[in-house]
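Reading through the structure tokens given below for one structure.
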Amino acid sequence: MSVFIDACRRKEAEYTPVWFMRQAGRYLPSYRSLKGSRNVLEIAKDPGLASEAVVGAVRELGVDAGIIFADIMLPLEGMGVKFRIEEDVGPVVSGPIRTPDDVSQLKDFDSRSDAVEVYEGIDETVRKLDGTPLIGFSGAPFTLAGYVVEGAPSRELERTKMMMYDDPDSWKALMGKLTSMVESYLDRQIKHGVDAVQLFDSWVGCLSPADYDRYVLPYTRKIIESIGGRVPTIHFCANSGPLIERFQSTKADVLSVDWRVAVDDVWRRCADRVGVQGNLDPVVAAVGGETMRRQTGDILQQAQIHRGHVFSLGHGVLKVTSPSNLKQLVNIVHEKTRSRK
Ligand code: CP3
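Under the numbering used here, the first residue of the sequence shown carries the number 4, and numbering increases by one thereafter.
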């Protein structure tokens, strides 16, 4: 077993493992040259290129895990959603899903024929990683609903919330279809050999705790249940401070949080019954130097008395980040935590 999986399972780990969301991204010269003029979906659907992107980042940074190269939008193609991913903007959907009719026209995802390139990419990535754990992932139903209902990136998700409050039947139908998709997509990823899965509910922090309980939690819980402990589960949300106890009740093994909440606060509020992933501000990783060293030391100190820390940034690596800062960060985390054992 690996230090990363040990930490996810809250076992005593030899040192604190580290990896970064978007570690295979445009801040990395080797990714930019692999990418050329292709878009992110073309890379994700080419198992050779996708596996190269993952392995290139893992080797260059010396991190303890890779994440499959895909995008949260990709499996939605199988449901008949039409979209493109615009650079520096994000997913843009043509024909957003807003009416009961739109929802009923969404196709059921079939993991035997949909997103097959992702599973082939996993096979090739597992081979090339040669033992380094590979994290599979999916967008969570609420965050995916956000993209398909809004049609374009939006922080407030007003239209999505309007459907949720105003048309509960469509909301239930949409969340139900997305939940089935996520379950079968992750099931297939696990069968192809991913060692852990991360559920990105990136934008669900825009809901009140009571609305989270009512409109989202049952679906997320069902997904985690469907995994049945076969691999560790990581639940990510930005702005998750007010919802920590709710995320714990999804039964995810690890809560991935951003810098707006202190990691020791997460453990305290969950009575030490979860792993915690995070949570350096990506801006601090971009700035580097003494600020990065000091803030990293502070996170590690908070984590010292708890089991189950996976060091990471609170959200994805920023495009302006120098790869040498991340390499230094990996070394700091490894050295500081190894020497105290
Ligand atoms: O190493 C990795 O993390 C790469 C794999 C990966 C991508 N997207 C590829 C990608 C992962 C894990 C994602 C998840 C993803 N995609 C999320 C959840 C994580 C989060 O940020 O909260 C979300 C919300 C998306 C949707 C999306 N795709 C956005 C908001 C963007 C940013 C637009 C931009 O250009 O900055 C994308 C594009 C995207 N997906 C890129 C990558 C490497 C950057 C563009 C590119 O390389 O062409």
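Every residue, glycine too, gets a C-beta built ideally from N, C-alpha and C.
These numbers were taken from a predicted model, which means no experiment stands behind them.
Under 8 Å: does the beta carbon of Glu17 sit that close to some heavy atom of the ligand CP3?
Locating residue 17 in the sequence shown gives position 14, where the first residue counts as 1. Within 8 Å of the C-beta of Glu17 there is not a single heavy atom belonging to the ligand CP3.
Ends of the beta strand (DSSP E) at Phe86?
To locate residue 86, count along the sequence shown from 1; it is residue 83. Counted as a single uninterrupted DSSP element, the beta strand (DSSP E) harbouring Phe86 occupies residues Lys85 to Glu89.
For Ile227, which three-state DSSP category applies?
Here the question's residue 227 lines up with position 224 in the sequence shown. Secondary structure at Ile227: helix, using DSSP grouped into helix, strand and coil.
Any heavy atom of the ligand CP3 inside 8 Å of the beta-carbon of Val121?
Numbered from 1 along the sequence shown, position 118 holds the residue referred to as residue 121. No; taking the cut-off as 8 Å, the Cβ of Val121 has no heavy atom of the ligand CP3 nearer than that.
In this structure, how does DSSP classify Val336 when only helix, strand and coil are distinguished?
Counting from one through the sequence shown, the residue named residue 336 turns up at place 333. Val336: helix per DSSP, three-state reduction.
Would the region 223–232 count as touching the region 35–42 if we require 3 or more Cβ pairs under 8 Å?
No, the region 223–232 is not in contact with the region 35–42.
Can you find the residues in the same chain that come closer than 7 Å, C-beta to C-beta, to Lys225, ignoring five residues on each side of it along the sequence?
Translated into the one-based positions of the sequence shown, residue 225 becomes position 222. The beta carbon of Lys225 sits closer than 7 Å to those of Thr182, all from its chain and outside the five residues before and after it, given in chain order.
Taking a contact to mean a Cβ-Cβ separation below 9 Å, would you say Lys254 touches Ile227 in this structure?
Within the sequence shown, the letter at position 251 stands for residue 254. Within the sequence shown, the letter at position 224 stands for residue 227. At the C-beta level, Lys254 and Ile227 come within 9 Å of one another.
So Ala306 and Ile8 are in contact, right, with Cβ under 8 Å, and what is the actual spacing, rounded?
On the sequence shown, residue 306 is found 303 positions in, with the first residue counted as 1. On the sequence shown, residue 8 is found 5 positions in, with the first residue counted as 1. Between Ala306 and Ile8, the beta carbon gap of about 17 Å keeps them out of contact (Cβ cut-off 8 Å).
For Phe203, which residues does DSSP report across the bridge?
As a first step, residue 203 is located in the sequence shown; it is residue number 200 there, counting from the start. DSSP output for Phe203 lists Gly142 and Phe239 as bridge partner(s).
Looking at Phe203 and Ala239, is the spacing between their C-beta atoms short of 9 Å?
Residue numbering aside, residue 239 sits at position 236 when the sequence shown is read from its first letter. Residue numbering aside, residue 203 sits at position 200 when the sequence shown is read from its first letter. In the sequence as displayed, the identity of residue 239 is Phe instead of Ala. Contact: yes.
Hey, how far is the Cα of Met167 from the Cα of Trp174?
Locating residue 167 in the sequence shown gives position 164, counting from the first residue. Locating residue 174 in the sequence shown gives position 171, counting from the first residue. The alpha-carbon atoms of Met167 and Trp174 are separated by roughly 5 Å.
Reduced DSSP secondary structure (H/G/I, E/B, other) of Pro136:
Here residue 136 corresponds to residue number 133 of the sequence shown, with the count starting at 1. It is coil, neither helix nor strand.
Residues bridged to Ser259 (per DSSP)
Position 256 of the sequence shown, counted from the first residue, corresponds to residue 259. Beta bridge pairing from DSSP links Ser259 with Phe239 and Gln280.
Tell me the DSSP secondary structure of Val21 in three-state form.
Start at 1 with the first residue of the sequence shown, and residue 21 comes out as number 18. Shown here, Val21 sits in a strand according to DSSP, grouped into three states.
Alpha carbon of Thr223 to alpha carbon of Ala143, nearest angstrom
For the purposes of this step, residue 223 is identified with residue 220 of the sequence shown, where counting begins at 1. For the purposes of this step, residue 143 is identified with residue 140 of the sequence shown, where counting begins at 1. So the alpha carbons of these two residues sit roughly 7 Å apart.
Report the partner residues of Ser315 according to the DSSP bridge assignment.
The residue you call residue 315 lines up with position 312 of the sequence shown. Partner residues in the beta bridge of Ser315, as assigned by DSSP, are Asn282.
Which whole-angstrom value is the C-beta distance of Arg115 and Val152, which I expect to be below 8 Å?
Against the sequence shown, residue 115 aligns to sequence position 112. Against the sequence shown, residue 152 aligns to sequence position 149. Wrong, their Cβ atoms sit about 28 Å apart, outside the cutoff.
Can you list, in chain order, the residues of its chain with a C-beta nearer than 6 Å to that of Leu329? Leave out the 5 residues immediately preceding and following it.
Here the question's residue 329 lines up with position 326 in the sequence shown. For Leu329, same chain residues with a beta-carbon under 6 Å away, outside a window of 5 residues either side, are Leu64 in chain order.
Given a cut-off of 9 Å on the beta-carbon distance, is the pair Val264 and Val277 in contact?
Numbered from its first residue, the sequence shown carries residue 264 at position 261. Numbered from its first residue, the sequence shown carries residue 277 at position 274. No, the Cβ-Cβ distance between Val264 and Val277 is not below 9 Å.
Is Tyr34 near the ligand CP3 - that is, is its Cβ less than 8 Å away from at least one heavy atom of it?
As a first step, residue 34 is located in the sequence shown; it is residue number 31 there, counting from the start. Shortest gap from the CB of Tyr34 to any heavy atom of the ligand CP3: under 8 Å.
Cβ of Arg25 within 8 Å of any heavy atom in the ligand CP3?
Indexing the sequence shown from 1 puts residue 25 at position 22. For the ligand CP3, at least one heavy atom lies less than 8 Å from the Cβ of Arg25.
Just checking my contact of Asn334 with Ile302 at CB under 8 Å: how many whole Å lie between their CB atoms?
Locating residue 334 in the sequence shown gives position 331, counting from the first residue. Locating residue 302 in the sequence shown gives position 299, counting from the first residue. So it is not a contact: roughly 15 Å between Cβ atoms.
Would you check if the distance between the CB atom of Thr135 and the CB atom of Asp67 is smaller than 9 Å?
As a first step, residue 135 must be located in the sequence shown, where it is residue number 132. As a first step, residue 67 must be located in the sequence shown, where it is residue number 64. The beta carbons of Thr135 and Asp67 sit closer together than 9 Å.
By a C-beta neighbour count over all protein chains shown, 10 Å radius and 16 as the cutoff for buried, is Gly124 buried or exposed?
By one-based count along the sequence shown, residue 124 stands at place 121. Note on Gly124: 16 or more other CB atoms within 10 angstroms of its CB, so buried under the neighbour-count rule.
Here's the rule I'm using: 16 or more other beta-carbon atoms within 10 Å means buried, otherwise exposed. How should Ile237 be labelled?
One-based indexing of the sequence shown puts residue 237 at position 234. Buried, because 16 or more other Cβ atoms sit within 10 Å of the Cβ of Ile237.
Per DSSP, which residues does Ser325 bridge with? Please list them.
Walking along the sequence shown from the start, residue 325 turns up at place 322. In the DSSP secondary-structure assignment, Ser325 is not bridged to any residue.
I'd like to know whether the C-beta atoms of Lys164 and Leu210 end up nearer to each other than 9 Å.
Position 161 of the sequence shown holds residue 164. Position 207 of the sequence shown holds residue 210. For Lys164 and Leu210, yes; Cβs fall inside 9 Å.
Short of 7 Å in beta carbon distance, which residues of its chain neighbour Val6, apart from the five on each side in sequence? Order them along the chain.
In the sequence shown, residue 6 corresponds to position 3, counting from 1. So the qualifying residues of the chain are Ala16, Glu17, Tyr18, Pro20 and Asp67.
Can you name, in chain order, every residue of its own chain whose Cβ lies under 7 Å from the Cβ of Trp270, other than the five neighbours on each side?
Position 267 of the sequence shown, counting from 1, holds the residue named residue 270. Same-chain partners within the cutoff: Val279 and His309.
Does Arg13 pass the burial test, meaning 16 or more other C-beta atoms within 10 Å, or should it be called exposed?
Within the sequence shown, numbered from 1, the residue matching residue 13 stands at position 10. Looking at its Cβ environment, which holds 16 or more other Cβ atoms inside 10 Å, Arg13 is buried.
Compute the distance between the beta-carbons of Thr324 and Pro285, then report whether it is under 9 Å.
Start at 1 with the first residue of the sequence shown, and residue 324 comes out as number 321. Start at 1 with the first residue of the sequence shown, and residue 285 comes out as number 282. The answer is yes: Cβ separation under 9 Å.
Same chain, Cβ closer than 7 Å to Val92, five either side skipped, listed in chain order
The residue labelled residue 92 in the question sits at position 89 within the sequence shown. Cβ neighbours of Val92 beyond the five flanking positions: Pro156.
Which of helix, strand or coil DSSP assigns to Ser183:
Counting from 1 along the sequence shown, the entry for residue 183 is found at position 180. Three-state DSSP puts Ser183 in a helix.
Going by CA-CA distance only, name the one from Leu31, Gly81 and Ser243 that's closest to Glu55.
Here residue 55 refers to the residue found at position 52 of the sequence shown. Ranked by how close their Cα comes to the Cα of Glu55, the residues Leu31, Gly81 and Ser243 have Leu31 in first place.
Give the straight-line distance between the Cα atoms of Ala53 and Met24, rounded to the nearest whole angstrom.
Residue mapping note: residue 53 aligns to position 50 of the sequence shown, counting from 1. Residue mapping note: residue 24 aligns to position 21 of the sequence shown, counting from 1. Near 15 Å, if we compare the C-alpha coordinates of Met24 and Ala53.
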